[in-house]
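Heads up, the thing below is written out as structure tokens.
4 protein chains.
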Amino acid sequence: MICHIDAGNGIPIYEQIERQVKFSIANGSLLVGERLPSVRELAVQAAVNVNTVARAYRELQQQGVLDSIRGTGMSVSAAAPDICRQDRLQMIRDRLRSVLQEALQNQISVQEVRSLVDSEWQSLTQQDSG
Amino acid sequence: MICHIDAGNGIPIYEQIERQVKFSIANGSLLVGERLPSVRELAVQAAVNVNTVARAYRELQQQGVLDSIRGTGMSVSAAAPDICRQDRLQMIRDRLRSVLQEALQNQISVQEVRSLVDSEWQSLTQQDSG
Amino acid sequence: MICHIDAGNGIPIYEQIERQVKFSIANGSLLVGERLPSVRELAVQAAVNVNTVARAYRELQQQGVLDSIRGTGMSVSAAAPDICRQDRLQMIRDRLRSVLQEALQNQISVQEVRSLVDSEWQSLTQQDSG
Amino acid sequence: MICHIDAGNGIPIYEQIERQVKFSIANGSLLVGERLPSVRELAVQAAVNVNTVARAYRELQQQGVLDSIRGTGMSVSAAAPDICRQDRLQMIRDRLRSVLQEALQNQISVQEVRSLVDSEWQSLTQQDSG
DNA sequence: GTGGTCTAGACCACC
DNA sequence: GTGGTCTAGACCACG
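Protein chains in written order, with this note's numbering: chain A, 19 to 148; chain B, 19 to 148; chain C, 19 to 148; chain D, 19 to 148.
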């Protein structure tokens, strides 16, 4: 579990951590039962505040993604892979819906949106960064 | 210029005002040179504080969308339509790009994205709501 | 006396009127004893508010540049030419001093200022506008 | 970063703060990445309201001079030195141009302007005050 | 602790 | 009447 944080991109750091944990679970980098780095470890590795990591872990636990092992740390729950896979689709669907809503309000046609999607997708896959 | 404010949707009030002004300019409801409601008027109409409206107007002025005529009020600048039309496209393009980036990270194919776009677009246009 | 007003350049309209009256007196377009247009006339001609012209006239009278003729209007005072000629120099001297002060604070050398003066002067005299 | 505010000199307080921050960046007193005093600190030090400092910081951020790091504070952006140095030159150039324009309108020769510059510069450097 | 938003109410210059 | 500035004090999200 390596975490890449970009402070100053508008997305709260605790949320960036949450996403990356979920992403790792969804794609199988983190397996059910596997232990996560301690809040202190991850805080040092990602150069963020301990409280921030703790908040991310806490919210993941509330969502049923992580189990807290008494006095030992957090581990990936049995339900996590399902949750995370559903989650990533839902998140994308929601954000997409909100963008489309705005496009609709601005009288942009579905054709224009489609071509925007294609052109942006190309520019993203060509540089292949992130 | 009627302004509908939804306090509590997370978007700052002054930004909601900015968007609605820009939107009205982009679609021709507000013409170049036309006067906007005074800060006091709009504050009453939208049930928000005068300073909040003033901030929205000030930022629009800084962006070159509004001219402030001393003692007279605010009016739509000559460059406003261009700025606003570019603005709305750019905003949508940026948000779309960010969604696509996330889709890419989650190994979702462009076909899946396309079908998501189409299905969400349909559901939005059918209910036709705001 | 034709007055050209540029609302929206930051300089108060009443002050623009004052300057143009003084300028006309200093260069002899307005002679001692000559009557000025009525506030209403000038307001119409310059497309500004009557109160604004009235304020300009009032301040010019307070400065001794204009005499108010009972119920008839304003006329150029005997002392006006002297006042206006001194005034224009003083005004320029003051503004120049303030610019130089800022240049000094920003550690700009007198040589740089001199070359700025020359280059700006050239660009102003070439187009010869204003 | 010590801020000296002169309330009542006509220049808005938030603008005085902006200028002093930019000035400090331009002359190297504030380095790229360096943290600025918190809005509350600076408000106390300069004896002004927190909101006033916040406005200055916000506008500097909008200009790309400051980065706002969530929950951490404001810091000097990478582009700041360039922006600030260009800024100070442009501001002086603009004001100088406006003075020269007025001089031109008043039929003052470039020689007179030059000698004014020199004499005023001398009087400013001799007293060497702020 | 940090900045960000909002309200309420005051005072100002300008038209 | 108009916008512009400032203060005071509250609440919020983030670290």
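Beta carbons: idealized from backbone N, C-alpha and C, even for Gly.
Asked	Found
Considering only the beta carbon of each residue, do LEU118/B and VAL135/A sit closer than 9 Å?	yes
Counting only beta-carbon separations shorter than 9 Å, does ASP100/D have a partner in chain C?	no
Compute the beta-carbon to beta-carbon distance between ILE101/C and GLN80/C, rounded to the nearest angstrom, for a pair I have assumed lies under 8 Å.	Their Cβ separation, rounded to whole angstroms, is 12 Å, which puts ILE101/C and GLN80/C out of contact at 8 Å.
Report the start-end ranges of each beta strand (DSSP E) in the stretch 58 to 103 of chain D that is 3 residues or longer and not cut off at the edges.	84 to 87, 91 to 94
For chain D, check one thing: does any of its Cβ atoms lie closer than 9 Å to the Cβ of VAL66/C?	no
With a CB to CB cut of under 8 Å and the five nearest residues on each side skipped, what residues in its chain are close to GLN63/D?	ILE20, CYS21, PRO55
Pull out every residue of the stretch 29 to 53 of chain B whose Cβ sits closer than 8 Å to any Cβ of chain A, in chain order.	PHE41, ALA44, ASN45
Starting from ARG53/B, follow its DSSP beta bridges and name the residues at the other end.	SER93/B
Select from the stretch 77 to 101 of chain B all residues with a C-beta closer than 9 Å to any C-beta belonging to chain C, and list them in chain order.	ASP85, SER86, ILE87, ARG88, GLY89, THR90
Would you say the stretch 89 to 98 of chain B touches the stretch 64 to 79 of chain A, given that touching needs at least three Cβ pairs under 8 Å?	no
Does DSSP classify ILE126/C as helix, strand or coil?	coil
How about MET19/C: is its C-beta nearer than 9 Å to some C-beta of chain D?	no
From ILE31/B, GLY46/B, ILE43/B, ASP85/B, pick the residue whose C-alpha is nearest to that of VAL68/B; which is it?	ILE31/B
Between PHE41/B and ARG106/B, what straight-line distance do the alpha-carbon atoms span, to the nearest angstrom?	8 Å
Starting from the beta carbon of GLN129/B, find every residue of chain A whose beta carbon is closer than 7 Å, and list them in chain order.	Here the premise fails: no neighbours, minimum Cβ distance about 11 Å.
Exposed or buried, which one is GLU36/D when buried takes at least 16 other CB atoms within 10 Å?	buried
ILE126/C touches chain D at which residues, Cβ-Cβ below 9 Å?	ARG106, LEU107, ILE110
Would you call ASN124/B buried or exposed, if buried means 16 or more other Cβ atoms sit within 10 Å of its Cβ?	buried
What's the gap between the Cα of GLN144/A and the Cα of LEU122/D?	57 Å
Just reading off the alpha helix (DSSP H) that SER42/B is part of, what are its end residues?	31 to 44
Which residues in chain D have a C-beta closer than 8 Å to the C-beta of THR70/C? List them in chain order.	Near THR70/C there are no residues of chain D at all, since even the closest Cβ is about 21 Å away, more than 8 Å.
Alpha carbon to alpha carbon, what distance is there between GLN108/D and ASP112/C?	20 Å
In chain B, which residues lie less than 8 Å from ALA25/C when you measure between Cβ atoms?	ILE87, ARG88, THR90
Within 9 Å of any Cβ in chain B, is that where the Cβ of ARG73/A sits?	no
Could you check whether the Cβ of SER116/C sits closer than 9 Å to any Cβ belonging to chain D?	yes
Please check if any C-beta of chain B sits within less than 9 Å of the C-beta of GLN144/A.	no
Distance check for ASP24/B and ALA61/C, CA to CA, integer angstroms please.	44 Å
Below 7 Å CB to CB, which residues in the same chain sit around ARG58/C once its five sequence neighbours on both sides are set aside?	VAL68
Alpha carbon to alpha carbon, what distance is there between SER86/B and ALA44/C?	32 Å
Helix or strand or just coil, what does DSSP make of MET118/D?	What sits at residue 118/D in the sequence shown is Leu, not Met. Three-state DSSP puts LEU118/D in a helix.
Can you name, in chain order, every residue of its own chain whose Cβ lies under 8 Å from the Cβ of GLU120/B, other than the five neighbours on each side?	none
Considering only their Cβ atoms, is the gap separating ILE29/C from ILE110/D smaller than 9 Å?	no
GLN63/C CB to nearest chain D CB: under 9 Å?	no
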